[in-house]
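Remarks on the structure that follows.
2 protein chains.
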Amino acid sequence: MIIGVLGGGQLGRMLALAGIPLGLRFRFLDPDRSCPAAELGDLVVAQYDDELALARFVEGVHAVTYEFENVPAAAAKWLSAHAPVFPPQGALATAQDRLNEKTCFRSLGIATPEFAPVDTRDELLAAVARIGLPSVLKTRRFGYDGKGQAVLRTMADVETAWQTLGQPRAGQQLRADLILEQFVPFARELSILGVRSRDGSMRFYPPVENHHSRGILSRSIAPAPNAQAAASVLQPAAQRVMETLGYVGVLAIEFFDLGNGTFMANEMAPRVHNSGHWTIEGSACSQFENHMRAVAGMPLGAPASRGHSIMLNIIGAEPDPGILALDGVHVHMYGKSPRAGRKLGHLTICQLAPEAAMALARRAELLLRNC
Amino acid sequence: MIIGVLGGGQLGRMLALAGIPLGLRFRFLDPDRSCPAAELGDLVVAQYDDELALARFVEGVHAVTYEFENVPAAAAKWLSAHAPVFPPQGALATAQDRLNEKTCFRSLGIATPEFAPVDTRDELLAAVARIGLPSVLKTRRFGYDGKGQAVLRTMADVETAWQTLGQPRAGQQLRADLILEQFVPFARELSILGVRSRDGSMRFYPPVENHHSRGILSRSIAPAPNAQAAASVLQPAAQRVMETLGYVGVLAIEFFDLGNGTFMANEMAPRVHNSGHWTIEGSACSQFENHMRAVAGMPLGAPASRGHSIMLNIIGAEPDPGILALDGVHVHMYGKSPRAGRKLGHLTICQLAPEAAMALARRAELLLRNC
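Sequence lines, in order, name chains A and B.
Counted the way my numbering counts, the first sequence spans residues 1467 to 1837.
Counted the way my numbering counts, the second sequence spans residues 1467 to 1837.
This is the structure:
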């Protein structure tokens, strides 16, 4: 069975590494000839809206999936006339737009921070008046890793952010296309990953605790400590979202844990997610394998965690080579050239006891040279 | 770093799946365009003695390794003038020939069954008279999975075996090139896998218990039950062999456990080995990753087992697809077309308790259709 993957980044690379042992073969579409997944299957080098390239890409493919959510909706629609596309277009459309996303959460009874759409300066001022400061102004679409957003603490910030984010961008509609969100004083960020198969069965990984550095995920702890209450809220929430969207594949939802028993959904990713990388060693069946099983119409695998895992991202620079000498540290490089702020790989530490995992993570962190 | 691998079978495939996350890239040499490793790197399609192809294969490669021991010695020698070849040629020459292999074991004080070289019918009769029946007549070279050998229980068997195995084979020297080995009434077969790095450090996986069906490995249990005494013999034996051969990479040695505290070395494989496939899920650092670390000059990883594992080979036919629905069963397909007696893939079951692993293995075996 040949699976087409839109995008040939590290997520595509890890999808293939998990899918090949299942007997799947891969074809990627990516504008970059030397993308991380290039060595793991056929590669069609093209832009995502190049219809001739899409036709070559989909020829003979049994199912299509994607490794990032900014796939042009038109491309996904065109492809879905030629092969099944999972997750489905509706999920993509919902997840591509922060306003749709939060509206979906609310409609399913899932708490979110207050929010308001902002297309004009007047709407921004009205939204600030209603939601208050601090709050966060974000682009509705195409944001990632903290890009396309600004925290507003004072009215001066409001003006600055409007100057930066409020101008209609090239190739987009003639409106600002922003969303203002309440700044929630959260105790920690959690994420939940679920997977739904073509026949509607679902499995859930335990909630994960995520730490960021300069807007980029730097560390995930799995399972999240003291997360029984969280699991009882997050898992049913993910289940409702997947059922509503007729979802197939892995879905990630990030939540703010307010520390008082309240959990607010922040955003979702209709794909495998950085906060699920620990599952390669830390669970019986990784997020990558489960995504491929779902897309290929196979039964799902067990998401139960094997011990306690800590995932550390390798960002900007390669780690000290001595990191390979630390027993129990699993190194995953993505084949990318170093550049400040770029995710080059990740480490997973997996131990039976959470204290042992934390101690080893501290030793590993000393050998990272993140920048 | 680009690693050249002679052979593109399933071992090459799993070497690449383990090496790519380390940032390594792969080039394979194999006569079969659609070999299992083809999708995981560049592929030079050629015979192993094609010098023009070897030149293309080695161009720009940082180190060369192999995934089967029947690499022509001349090819390994030619290549070693152009790139470091690991394991070294001496190890290959020793392991390619059962007589050299057993002589090496004996010289290091490692017990083996009695044996005698057999090049003529008279030598066979003399060897049978000395070693006795039952015994096993084997080709010295190019045997695998029980091929090229015959058990001799009666003098009639001796004649039959001589008719079958005693004729000089095409392309070989004008002698029978056989070895007669004492048939050892062993209680079980064990194997030990060790890995040695370029700087001489060594790590060892726990001994594994192996079960065969029609000459082909069908099941490995890791760690082998009640194997403390075995480990104290097998591990130092593997260590002596690796040190003597100046070994780099993973080495497997199969032993007969006579059940009375005696362990006799049967044969060695200068490569990753089927009885080590469990290490992908069952240990912190798999045999494939450790082999690649050794060949690439990296520090070795931890061989400690994670729980109890059972590996079942998928032979001849694909299993019932429902096998994927068994939680905790890891499926590894090699991308080969089904054919009776052919290794198509393997399963690994990994559980904290040995009883749980055995129970799950029994359920999985019901879904195999081996033939």
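Don't be surprised by glycine CBs; every beta carbon is placed ideally from N, CA and C.
| Item | Value |
| --- | --- |
| The ligand ZN heavy atom lying under 8 Å from the CB of Gly1782 (chain B) | You won't find the ligand ZN in this model; it holds no ligand whatsoever. |
| Beta-bridge pairing of Gln1423 (chain B) - partner residues as DSSP gives them | Residue 1423 (chain B) is absent from the structure shown; chain B starts at 1467 and stops at 1837. |
| Interface residues of the segment 1795-1806 of chain B facing chain A [CB-CB below 7 Å] | Val1797, His1798, Met1799, Gly1801 |
| For Ala1688 (chain B): DSSP bridge partner residues | B:Ser1775 |
| DSSP state of Gly1759 (chain A) mapped onto helix, strand, coil | Going by the sequence as given, residue 1759 (chain A) is Arg instead of Gly. Helix at Arg1759 (chain A). |
| Arg1829 (chain A): contacting residues in chain B (beta-carbon distance under 8 Å) | Neighbours of Arg1829 (chain A) on chain B: none; closest Cβ ~14 Å, over 8 Å. |
| 9 Å Cβ cutoff, Phe1492 (chain A) in contact with chain B | yes |
| Contact with chain B by Ala1768 (chain A), beta-carbon distance below 9 Å | yes |
| For Leu1683 (chain B) and Val1650 (chain B), the rounded distance between their alpha carbons | 18 Å |
| Interface flag, Gly1470 (chain B) vs chain A, CB-CB below 9 Å | no |
| Among B:Ala1627, B:Val1699, B:Arg1664, the one whose alpha carbon lies nearest that of Leu1656 (chain B) | B:Val1699 |
| Selection of the segment 1472-1501 of chain B by Cβ proximity to chain A, strictly under 7 Å | Leu1483, Ile1486, Pro1487, Leu1488, Gly1489, Arg1491 |
| C-alpha gap between Ser1679 (chain A) and Asn1836 (chain A), whole angstroms | 10 Å |
| Own chain residues within Cβ distance below 7 Å of Gly1526 (chain A), not counting five before or after | Ile1468 |
| Closer than 9 Å to chain A by CB, Arg1664 (chain B) | no |
| Short CB-CB distance (under 9 Å) between Glu1533 (chain B) and chain A | no |
| Residue nearest to Gly1507 (chain B) in terms of C-alpha spacing, selected from B:Ala1519, B:Gly1478, B:Asp1516 | B:Gly1478 |
| Pairwise C-alpha distance: Arg1654 (chain A) and Asn1536 (chain A) | 27 Å |
| Neighbour-count burial assignment, Arg1606 (chain B), 16 or more Cβ in a 10 Å radius | buried |
| Chain B contact residues for Ala1750 (chain A), given Cβ-Cβ distances below 7 Å | Asp1793, Gly1794 |
| Given 8 Å, three or more beta-carbon pairs between the segment 1810-1818 of chain A and the segment 1766-1774 of chain A | yes |
| Given Asp1496 (chain B) as reference, the closest of B:Ala1512, B:Leu1618, B:Asn1676 once Cα atoms are compared | B:Ala1512 |
| Bounding residues of the beta strand (DSSP E) (the contiguous stretch that carries Arg1849 (chain B)) | Past the edges of chain B, shown from 1467 to 1837, lies residue 1849 (chain B), and the structure says nothing about it. |
| Nearest candidate by alpha-carbon position, reference Met1734 (chain B), set B:Pro1550, B:Leu1558, B:Ala1541 | B:Leu1558 |
| Test item: CB-CB of Asn1692 (chain A) and Asn1740 (chain A) under 9 Å | no |
| Cβ-Cβ separation, Ile1658 (chain A) to Ile1719 (chain A) (assumed contact under 8 Å), whole Å | 5 Å |
| Per-residue DSSP class, three states only, for Ser1803 (chain B) | coil |
| Proximal chain B residues relative to Leu1506 (chain A), where beta-carbon distance stays under 8 Å | Ile1486, Glu1505, Leu1506 |
| Ala1541 (chain B) to Tyr1514 (chain B) span [Cα, whole Å] | 7 Å |
| Cβ pair count under 8 Å reaching 3, the segment 1710-1726 of chain A against the segment 1580-1589 of chain A | no |
| Any chain B beta carbon closer than 9 Å to Gly1788 (chain A) | yes |
| At least 3 beta-carbon pairs within less than 8 Å: the segment 1738-1754 of chain A vs the segment 1479-1488 of chain A | yes |
| Proximal residues of chain A, C-beta to C-beta of Met1764 (chain B) below 8 Å | Pro1787, Leu1790 |
| Distance between Phe1523 (chain B) and Pro1583 (chain B) (C-alpha atoms, nearest Å) | 37 Å |
| Paired residues, beta bridge with Asp1515 (chain A) - DSSP | According to DSSP, Asp1515 (chain A) bridges with nothing at all. |
| CA-to-CA distance, Gly1660 (chain A) to Glu1709 (chain A), given in whole angstroms | 11 Å |
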